[in-house]
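Only one structure is covered here, and it is reproduced in the block below.
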Amino acid sequence: MWRTFAYFISLLIFLNCSLIQVKAQDTIPIPLKIKVGMEVSGLSLYYTDKNIFKSEGYISVDLNEKRSFVLAAGYLDYKYSQYNYSYLNNGFFVRTGIDFNLIKPDKALGKYYAGIGLSYGLSRFSSEVPIFLKTNYWGTTSSSISRKTDWGHYLEASPGVRAEIFNHLSIGWSISLRMLLYTSTGNDLRPIYFPGFGDGTKKFTAGLSYFIAWNIPYKKINVVLKKEVKVDTDDNGDTDNKDTKGAAGTSGTGQQGSVIRQ
Amino acid sequence: MRKFIRGSLLIILPGTILFLLSCTQGSCFEETESYLKASFYKNSILTAPDSLTLYGLNTDSTIYNKTASIQPALIPLNASTESCVFVIQINGVVDTIEFQYSSYPHLISKECGYTFYHHLDTVPKYTQHVIDTIYVSNKTITNLNVENLRIFY
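These protein sequences, in sequence, are chains A and B. Going by the numbering used here, the first residue of the first sequence is number 1, and it counts up by one from there. Going by the numbering used here, the first residue of the second sequence is number 1001, and it counts up by one from there.
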C-alpha cells in the first residue's frame, strides 16, 4: 500500500515538473486585445470629393492568437450627377465576421497581423433620382424616381496587414473584395452606389481601406510553440523523425502554436 | 515580415489617394435606346422590304425614308405617352400601326444613366393595305437586341 502511494506521489511530482518545464520552455505569452478603430480613407477622400461621405468604425475582439471577431458599422451619404441624371443615396451598414491572422504567434506577438477577414454585410439605404432626362425621336422626356428604402446583402473577403506602431495604437490597410448577394431594389433600378458595398450595378466590387485602432489588452494567453518535426526519407525508403530545432521554446521559424489559457 | 507590414502601411495610403484622384468619369458604350424591334416577313420568309418609310403620326421627321434592306426596323416609342401611332410605307404602300404600352425607368449603368423600358399592353392595331398580320413575339421592349414584332406583308 505504502509502496503504491509512494509511486503515485513520485509520478505526480514527475508530471508536474514536466509540465512546468514545458510551460517554461515552449510557451509564449500573447495578449488578447479588444480593438476599437475607424476607417480613415473615407474621411480623407471627403476633402477631395464632397459628393461621397463615408465613415466606418469597428470593434474587434481577439478570440485567440489567430482569430478575431469583428463587428463594423458605417454610414454613407452619396451624391452623383452627370448630364442626363442625378442620383442620391444614403444609409447605414453593418458587417460582421472573423479575421484570421496568418502570422505565427511567436512573430505576431499580438502586435502584427497579416491575414484575411471574412465577413457578411447588411446595408439599409434610401435612394432617389431627383431628375433624369431621356432624349429620342419624340423629344426629351424628363422624369424622376421618388425616394425608396432598400436592403443590400453582401459577402466580403479582406486580406490586409496591421501593425501596432505605438503602445496600444495600431494602423493597417486591407483590400476589400465584395460579392453582392441580393438587393431589394429589383433589376431595373439597381443602386448606383450603396453603403458598405459600393457600386451596386456590379456583382463584384473591390476597395481599399485604411484603419487606425486603439488596442485594449483584456487577457493574456500562453501559446505553446510546437517543434517542427521533419520527416526524412533515406534511400532505403526508411523514415526517420528528427527535431529541426535544438532547444525547445526558442522563437523562430518552424514553430506552431497551441494555447494554454490562464 | 514586420518591415514589410510597416513599409506597406506608409506606401498604401498616399498611393490610394493619388489613384482615386486620378480617376476620371467613364464613358457610356452601351445601347441606351429601347427600340421596338420589328422583323419583316414576306410569304412567311424573313425578307426586308425594298423600300421602307416610317415616321410618327403628326411629326416632322422620319425614322426611315425610302430606305432599303432594313431588318429589323428599330421603332422608338414615346415614354411621355401611353400610345404611339406610326405611318409605315412598305414598297410604296402605306399603313398605320398603333401601339399601346406602359413605360418604366431602367438603369443601364452609372456611365449611361437611365432609359425607359416599355411593355406592350395590347396587340397593336393596324391597317391592312400591305400588312397581312402582325405577331407579337416579345412584349417587353428593352435595349437588348431581341425581336418584339413580326410584320407579315
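By construction, the Cβ of each residue, glycine as well, lies at the ideal position given by its N, Cα and C atoms. Just so we're clear, the structure is a prediction, and the values are computed from it rather than from any experiment.
Cβ pair residue i, residue j closer than 7 Å
i	j	result
Val1146/B	Asp1095/B	no
Cys1084/B	Leu1074/B	no
Glu156/A	Ser123/A	no
Asn222/A	Thr96/A	no
Gly196/A	Gly115/A	no
Lys1042/B	Tyr1153/B	yes
Pro1124/B	Ile1097/B	yes
Tyr1055/B	Val1093/B	no
Ile89/A	Phe125/A	Per the sequence shown, residue 89/A should be read as Asn rather than Ile. Taking 7 Å as the Cβ cut-off, Asn89/A and Phe125/A qualify as a contacting pair.
Lys1066/B	Thr1053/B	yes
Tyr1135/B	His1118/B	no
Ser1051/B	Asn1091/B	yes
Tyr154/A	Leu180/A	yes
Ile103/A	Tyr112/A	yes
Trp173/A	Tyr210/A	yes
Asn93/A	Gly74/A	The sequence given here has Phe at residue 93/A, not Asn. Cβ atoms of Phe93/A and Gly74/A: closer than 7 Å.
Tyr87/A	Val40/A	no
Lys35/A	Ala213/A	yes
Lys54/A	Leu76/A	yes
Leu189/A	Leu1144/B	no
Thr201/A	Ser1109/B	yes
Val191/A	Ser127/A	At residue 191/A the sequence reads Pro, which differs from the Val that was named. It is a contact, given that the beta carbons lie within the stated cut-off.
Gly37/A	Tyr58/A	yes
Asp106/A	Leu225/A	yes
Ser1027/B	Arg1150/B	no
Ile145/A	Pro1105/B	yes
Exposure label - residue i; buried when at least 16 CB within 10 Å
i	result
Phe166/A	exposed
His168/A	exposed
Leu1046/B	exposed
Ala1079/B	buried
Gln1089/B	buried
Phe204/A	exposed
Thr183/A	buried
Lys33/A	buried
Pro29/A	exposed
Lys50/A	exposed
Ala206/A	exposed
Ile216/A	exposed
Ser1069/B	exposed
Asp150/A	buried
Ser1137/B	exposed
Gln1071/B	exposed
Range of the contiguous alpha helix (DSSP H) that encloses residue i
i	result
Leu45/A	Ser41 to Tyr46
Asp106/A	Pro105 to Ala108
Below-7 Å beta-carbon distance, residue i vs any chain A residue
i	result
Ser1080/B	yes
Ser1109/B	yes
Glu1031/B	no
Phe1116/B	yes
His1106/B	yes
Pro1076/B	yes
Gly1113/B	yes
Ser1022/B	Its pLDDT being 49, under 50, Ser1022/B is placed unreliably by the model, and the measurement read from it follows with that caveat. No - not a single Cβ of chain A is within 7 Å of the one on Ser1022/B.
beta-carbon residue i near the ligand ADP non-hydrogen atom, thresh 6 Å
i	result
Lys111/A	With respect to the ligand ADP, the structure shown offers nothing to examine, as it has no ligands at all.
Residue i: first and last residue of the uninterrupted beta strand (DSSP E) it sits in
i	result
Cys1028/B	Per DSSP, Cys1028/B belongs to no beta strand (DSSP E) and is neither H nor E.
Ser127/A	Tyr112 to Asn136
Phe92/A	Tyr85 to Asn101
Ala157/A	Gly139 to Phe166
His1119/B	Gly1113 to Leu1120
Gln1100/B	Val1093 to Ser1109
Thr268/A	Past the edges of chain A, shown from 1 to 262, lies residue 268/A, and the structure says nothing about it.
Gln1128/B	Looking at the DSSP string, Gln1128/B is not in any beta strand (DSSP E), and its letter there is neither H nor E.
Asp62/A	Ile52 to Asp62
Cutoff 7 Å: residue i Cβ touching any chain B Cβ
i	result
Ile216/A	no
Lys134/A	yes
Asn90/A	no
Arg190/A	yes
Thr141/A	yes
Trp138/A	yes
Phe14/A	Here the model assigns Phe14/A a pLDDT of 46, short of 50, so the residue's position is not dependable, and the following value carries that caveat. Not closer than 7 Å to any Cβ of chain B, the Cβ of Phe14/A fails to qualify, so no.
Tyr182/A	no
Tyr85/A	yes
Ile145/A	yes
Thr185/A	no
Thr205/A	no
Thr201/A	yes
With three or more beta-carbon pairs closer than 8 Å as the criterion, would you say the region 62-71 of chain A touches the region 39-53 of chain A? no
State whether the region 183-199 of chain A contacts the region 132-140 of chain A, with contact taken as three or more CB pairs (one from each stretch) at a distance under 8 Å. no
Per the contact definition of three or more C-beta pairs closer than 8 Å, is the region 1028-1035 of chain B in contact with the region 1104-1116 of chain B? yes
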